[in-house]
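Peer 1: Dropping the structure in here first, questions after.
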């Protein structure tokens, strides 16, 4: 993954189903991406971001994690290292449902570290309070 980011490769993983196996593969790819960016894959020899390492995750609620380098920890540190994220989800409630019970802190940290939030029409009652 480190080499792919350094070389500016575009990697696409588009699972054909929404099963747990696809979610596991997606989480593993996210973890490898996070590790590479946090280990300076997008940084030049002078410590400055050399390129944008963009991670796009649709249906993000399927792969959100609090284990290892959590999504919140990654978003918090990635900007300084050339990392950026575009996370799409149907609702904040869907994100909350995928986290262990009582794990509101990681979700709050993630939402706080996302600088731009675009909300389309939503019937999710949590959205006005969280955004």
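Residue numbers (the numbering used here): 8 to 138. Quick reminder that beta carbons are idealized off the backbone N, C-alpha and C, glycines included.
1) Answer with buried or exposed for residue 62, where buried requires no fewer than 16 other C-beta atoms within 10 angstroms of its C-beta.
2) Give the range of the alpha helix (DSSP H) segment to which residue 118 is assigned.
3) Which partner residues does residue 64 have in the DSSP bridge list?
4) Given a cut-off of 8 Å, decide if residue 12 and residue 32 are closer than it, judged by their beta-carbon atoms.
5) Starting from residue 10, follow the alpha helix (DSSP H) in both directions and report where the run begins and ends.
Peer 2: Taking the structure as given:
1) For the purposes of this step, residue 62 is identified with residue 55 of the chain shown, where counting begins at 1. Buried, by the Cβ-count rule.
2) Taking the first residue of the chain shown as position 1, residue 118 is located at position 111. Start and end: 111-120.
3) Here residue 64 is taken as the residue at index 57 of the chain shown, counted from 1. For residue 64, which the question treats as bridged, DSSP gives the partners 94.
4) Numbered from 1 along the chain shown, position 25 holds the residue referred to as residue 32. Numbered from 1 along the chain shown, position 5 holds the residue referred to as residue 12. Their beta carbons are not under 8 Å apart, which means residue 32 does not touch residue 12 by this criterion.
5) If you number the chain shown from 1, residue 10 lands on position 3. Run containing residue 10: 9-13, per the alpha helix (DSSP H) assignment.
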